[in-house]
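**Student:** Chains as they are written, first to last, in full-length UniProt numbering: chain A, 1 to 316; chain B, 1 to 295.
Let me begin by handing over the structure; questions about it come next.
See below:
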């Protein structure tokens, strides 16, 4: 996904469209299906965004419902949950951004430095595995392990003479559970991009450093680490563009009545407003979604611009 | 480092020792939960519910697996998930190639605009409710189609494929095959796809993982139990603790068996991806990375 900014493009001789079309018409035929799909399933919903500015009633349809301007946004901003969901979303995402960032880097450096190549490959392959576990299974593992009745964590606490604790019922524990289970699941997978960067490190740098008497640790510190620093900063910047974009599934599956104080984030709140309350409000739920999408868009574009300026590397 | 002849200084020996120790600890931290789950799944109901399992199975038994395969919902879910994964991944691959190959051709007019239309949806989308309304208007709700039509192309994967084609399928190849009287359709099936096996394997894995683990679409759109994928049943049993379809012989054994069933179920539902993954892993270096990093 990382594009280097283009150097001078080759100037092509201008070709009349008709001639070009005659040569390439088959390509346009191939594109018909994907473009139709794109317009229907990706741009179709954007038309539905209109109801964020309307008082949507199913009987009247999207066009027929009455315009209400920004009333739905107003309702959200004055909702008693507004401050809470924003705060919860930002807490979880910032925590995740900072805490999960160093682990793949350290693991990748260690994997790259080991002299036991077979052992390194095994560790690499095995640490990828949790990535393939579904969110439902991950959340159930977390709940099982933390269970006060039979969970292994509480068994250990009991073994060392402590008192068992119902972690899932404690709102203060939710961000920790969310973030650390995520680190367990994706740390190994996250090394892929760094290992790719490390494979591009110039061997002659290492050889020169060895002749100068550098220890292996110094070589990791001053050569390997320096070489993946640009990749690391790009990853950090790109992740920062996602801070308002915490997915629905995991938070929803780890949520219960007792930890809702910290586990209700923007996406779960949108779902609840749209589907899971006594009086569902499609218009307000759409407004919340649109509000979130616009913030995401601004964040990503900003972050992309910063990344382009700093390192010539950008997403688009 | 292939410097076998160079003497390793004692300081470096300590470094290598600590480094390998660190890797070992990382491995244990990642693997322990998995081993614990597998061991528990092969233990007796009583050993599981009294927390006797620490590392190895206690009172080896297959009760948990028996319970899993007697559960109607799980079997239905398994069959449905296999169908959604196979059908969905096929649709994904076809649609992704159809979009990515033409747009990888630099001489195609309008290529930039169409590519932008695709990538823009990665950073801005209609969101939950408008998508729901659309699928509802298209009468897709509670049909199997809803499990793979709206997600037919993943824009991220599309970009990987497009970059791969740009870098690995030279335009001259088409010109050469055109001289031999080959049209685009035959060119793609006969030349492009065989050249792109590694990226196709990687994309197939990416897509298959998403379908196998997909939960939200089914949760939102499906109401018939006969169409539910595995993940929906998993949530009911693993997270919501509903075990009403089970047939436990004694009341005391009920809780134990319910606990045990969860571990066996986790294993049964996750094994297929773990088995497939190593076969695709060797393509990662070739496929995923050349596609992802554009030189």
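Positions of the beta carbon are idealized from the N, C-alpha and C atoms, including for glycine.
It should be emphasised that the depicted structure is a prediction, and the values quoted were computed from it without experimental measurement.
(1) Need the endpoints of the alpha helix (DSSP H) that residue 300 of chain B sits in, please.
(2) I want to see whether chain A comes within less than 8 Å of residue 59 of chain B, judged by CB atoms only; does it?
(3) Start and end of the alpha helix (DSSP H) containing residue 16 of chain A?
(4) Can you find the residues in the same chain that come closer than 6 Å, C-beta to C-beta, to residue 322 of chain B, ignoring five residues on each side of it along the sequence?
(5) Going by Cα to Cα distance, which pick from B/192, B/184, B/31 and B/82 is closest to residue 316 of chain B?
(6) By alpha-carbon positions, which one of A/32, A/98 and A/74 ends up nearest to residue 287 of chain A?
(7) Given a cut-off of 8 Å, decide if residue 96 of chain B and residue 158 of chain B are closer than it, judged by their beta-carbon atoms.
(8) Which residues in chain A have a C-beta closer than 7 Å to the C-beta of residue 259 of chain B? List them in chain order.
(9) I'd like the ranges of any beta strand (DSSP E) spanning at least 3 consecutive residues and lying wholly in the region 66–123 of chain B.
(10) From the DSSP output, in three-state form, read off residue 59 of chain B for me.
(11) Short check: CB of residue 215 of chain A to CB of residue 108 of chain A, under 8 Å?
(12) So the candidates are B/70, B/73 and B/46; which of them puts its Cα closest to the Cα of residue 60 of chain B?
(13) Tell me whether residue 54 of chain A sits in a helix, a strand or coil according to DSSP, three-state version.
(14) Tell whether a beta-carbon distance below 8 Å holds between residue 255 of chain A and residue 268 of chain A.
(15) At the 8 Å Cβ level, is residue 72 of chain B part of the contact set with chain A, yes or no?
(16) Strictly under 8 Å for the Cβ-Cβ distance: is residue 225 of chain A near chain B by that measure?
(17) Suppose the cutoff is 6 Å on Cβ atoms and the five residues either side in sequence are ignored; what does the same chain contact list for residue 205 of chain B look like?
(18) Kindly indicate which residue of A/276, A/113, A/183 and A/62 has the alpha-carbon position closest to the one of residue 15 of chain B.
(19) As an exercise, report each continuous alpha helix (DSSP H) stretch of at least 4 residues that is fully enclosed by the region 63–94 of chain A, in chain order.
(20) Just to confirm the assignment, what range does the alpha helix (DSSP H) spanning residue 145 of chain B have?
(21) Nearest-angstrom Cα distance between residue 234 of chain A and residue 302 of chain A?
(22) By Cβ distance, which residues of its chain are closer than 6 Å to residue 238 of chain A, with the 5 residues on each side in sequence left out?
(23) Is residue 182 of chain B helix, strand or coil when you go by DSSP?
(24) Is the CB-CB distance between residue 106 of chain B and residue 17 of chain A below 8 Å?
(25) Using 8 Å as the Cβ pair cut-off and three pairs as the minimum, do the region 117–137 of chain A and the region 202–221 of chain A touch?
(26) CA-CA distance, residue 196 of chain A and residue 136 of chain B?
(27) Taking the beta carbon of residue 247 of chain B as the centre, do at least 16 other beta carbons fall within 10 Å, making it buried, or is it exposed?
(28) From residue 175 of chain A to residue 130 of chain B, what distance separates their C-alpha atoms?
(29) How about residue 77 of chain B and residue 232 of chain B: do their beta carbons lie closer than 8 Å?
(30) Given a threshold of 16 other Cβ atoms within 10 Å of its Cβ, counted over all protein chains shown, does residue 156 of chain A qualify as buried or as exposed?
(31) Mind listing the chain A neighbours of residue 95 of chain B? Cutoff is C-beta to C-beta under 8 Å, in chain order.
(32) Name the chain B residues that come within less than 9 Å of residue 255 of chain A, Cβ to Cβ?
(33) Taking Cβ positions only, does residue 296 of chain B come closer than 8 Å to chain A?
(34) Put residue 194 of chain B into one of helix, strand or coil per three-state DSSP.
(35) Quick check on the DSSP output: what are the complete alpha helix (DSSP H) runs of length 4 or more inside the region 282–314 of chain A, in order along the chain?
(36) Taking DSSP as the reference, what is the three-state secondary structure of residue 342 of chain B?
**Tutor:** Reading it off the structure:
(1) An answer regarding residue 300 of chain B cannot be provided, because it is not within the stretch 1 to 295 covered by chain B.
(2) Against the second chain, residue 59 of chain B aligns to sequence position 59. Judged by the 8 Å Cβ criterion, residue 59 of chain B is not in contact with chain A.
(3) For the purposes of this step, residue 16 of chain A is identified with residue 16 of the first chain, where counting begins at 1. Premise fails: residue 16 of chain A is in no alpha helix (DSSP H) and is neither H nor E.
(4) Residue 322 of chain B lies beyond the stretch modelled for chain B, which goes from 1 to 295, so this question has no answer here.
(5) Outside the modelled stretch of chain B, which goes from 1 to 295, sits residue 316 of chain B, for which no answer is possible.
(6) For the purposes of this step, residue 287 of chain A is taken as residue 287 along the first chain, with counting starting at 1. Considering only alpha carbons, the answer is A/74.
(7) On the second chain, residue 158 of chain B is found 158 positions in, with the first residue counted as 1. On the second chain, residue 96 of chain B is found 96 positions in, with the first residue counted as 1. Yes, these two residues count as a Cβ contact at 8 Å.
(8) By 1-based counting over the second chain, the position of residue 259 of chain B is 259. Within 7 Å Cβ-Cβ: 150.
(9) none
(10) Within the second chain, the letter at position 59 stands for residue 59 of chain B. The answer is coil: DSSP assigns residue 59 of chain B none of H, G, I, E or B.
(11) Position 215 of the first chain, counted from the first residue, corresponds to residue 215 of chain A. Position 108 of the first chain, counted from the first residue, corresponds to residue 108 of chain A. Not a contact, by the Cβ cut-off of 8 Å.
(12) Start at 1 with the first residue of the second chain, and residue 60 of chain B comes out as number 60. For the residues B/70, B/73 and B/46, the minimum Cα distance to residue 60 of chain B belongs to B/46.
(13) Here residue 54 of chain A refers to the residue found at position 54 when the first chain is read from its first residue. Residue 54 of chain A falls in the strand class under three-state DSSP.
(14) The residue you call residue 255 of chain A lines up with position 255 of the first chain. The residue you call residue 268 of chain A lines up with position 268 of the first chain. A contact, by the Cβ cut-off of 8 Å.
(15) The residue given as residue 72 of chain B occupies position 72 in the second chain. Not closer than 8 Å to any Cβ of chain A, the Cβ of residue 72 of chain B fails to qualify, so no.
(16) Here residue 225 of chain A corresponds to residue number 225 of the first chain, with the count starting at 1. Closer than 8 Å: no.
(17) Mapped onto the second chain, residue 205 of chain B falls at position 205. Correct list, in chain order: 280.
(18) Counted from its first residue, the second chain places residue 15 of chain B at position 15. Ranking A/276, A/113, A/183 and A/62 by Cα distance to residue 15 of chain B puts A/113 first.
(19) 71–77
(20) Numbered from 1 along the second chain, position 145 holds the residue referred to as residue 145 of chain B. That residue, residue 145 of chain B, is in no alpha helix (DSSP H); it is neither H nor E in DSSP.
(21) As a working mapping, residue 234 of chain A is identified with position 234 in the first chain. As a working mapping, residue 302 of chain A is identified with position 302 in the first chain. Rounded to the nearest angstrom, the two C-alpha atoms are 13 Å apart.
(22) Start at 1 with the first residue of the first chain, and residue 238 of chain A comes out as number 238. Nothing meets the Cβ criterion.
(23) Within the second chain, numbered from 1, the residue matching residue 182 of chain B stands at position 182. Residue state, collapsed to three classes: coil.
(24) For this step, residue 106 of chain B is matched to residue 106 along the second chain. For this step, residue 17 of chain A is matched to residue 17 along the first chain. Taking 8 Å as the Cβ cut-off, residue 106 of chain B and residue 17 of chain A do not qualify as a contacting pair.
(25) no
(26) Translated into the one-based positions of the first chain, residue 196 of chain A becomes position 196. Translated into the one-based positions of the second chain, residue 136 of chain B becomes position 136. Cα to Cα, residue 196 of chain A sits roughly 44 Å from residue 136 of chain B.
(27) As a first step, residue 247 of chain B must be located in the second chain, where it is residue number 247. Because the pLDDT at residue 247 of chain B is just 49, under 50, the model does not fix this residue reliably, and the point stays unresolved.
(28) As a working note, residue 175 of chain A is residue 175 in the first chain. As a working note, residue 130 of chain B is residue 130 in the second chain. Rounded to whole angstroms, residue 175 of chain A to residue 130 of chain B spans 30 Å at the Cα level.
(29) Position 77 of the second chain, counting from 1, holds the residue named residue 77 of chain B. Position 232 of the second chain, counting from 1, holds the residue named residue 232 of chain B. Yes, the Cβ-Cβ distance between residue 77 of chain B and residue 232 of chain B is below 8 Å.
(30) Numbered from 1 along the first chain, position 156 holds the residue referred to as residue 156 of chain A. It is exposed - the Cβ of residue 156 of chain A has fewer than 16 other Cβ atoms within 10 Å.
(31) For this step, residue 95 of chain B is matched to residue 95 along the second chain. Correct list: 33, 34 and 37.
(32) Locating residue 255 of chain A in the first chain gives position 255, counting from the first residue. Per Cβ cutoff of 9 Å: no residues; residue 255 of chain A is ~10 Å from chain B at best.
(33) Residue 296 of chain B cannot be examined here, being either before or after the span of chain B that is shown, 1 to 295.
(34) Position 194 of the second chain, counted from the start, is the residue given in the question as residue 194 of chain B. Helix at residue 194 of chain B.
(35) 282–311
(36) A query on residue 342 of chain B cannot be resolved here, the shown segment of chain B reaching from 1 to 295 and no further.
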